[in-house]
Amino acid sequence: MAAITFDTLKYANKLKAAGAESQIAEAEAEAEALAEVFELNLKEVATREDLKHMEDRLNERLDARLLQLEQRMIIKLGGLMVVAIGAVATLVKII
143 MAAITFDTLK YANKLKAAGA ESQIAEAEAE AEALAEVFEL NLKEVATRED
193 LKHMEDRLNE RLDARLLQLE QRMIIKLGGL MVVAIGAVAT LVKII
């Protein structure tokens, strides 16, 4: 998980500089609460490594499915060829 730092003192100072009428202790408490919210919400955010891992797993599954599809198509094509050769052989005997 990616770590994000949140400077609570800097946040409190910006609030104070912007004319916030609260005391600095209240601003720091608000900043700490905000930092906690960020930390809790970032636990649910996917990282690039998470996405890469998921992409790799999906590619593996897709490759496996495509291989199965290819094998089924080869079997069906082989069956069609057997039927076609049989039909031609039957027609040759009849004619």
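Per this note's numbering, the very first residue in the sequence shown carries number 143; after that it's consecutive.
For each residue, glycine too, the CB sits at the ideal point set by N, CA and C.
Can you name, in chain order, every residue of its own chain whose Cβ lies under 6 Å from the Cβ of residue i, other than the five neighbours on each side?
i, result
"L219", "none"
"M223", "none"
"K235", "none"
In the DSSP assignment, find the unbroken alpha helix (DSSP H) run with residue i in it and report its ends.
i, result
"E232", "Per the sequence presented here, residue 232 reads as Thr, with Glu not at that position. Note, T232: alpha helix (DSSP H), 190-236."
Check each candidate in the options and name the one with the smallest Cα separation from residue i.
i, options, result
"A173", "R199, I227, K152, R207", "K152"
Here's a check: name, in chain order, each residue in its chain whose Cβ is nearer than 7 Å to the Cβ of residue i, leaving out the five neighbours to either side.
i, result
"A231", "none"
"I237", "none"
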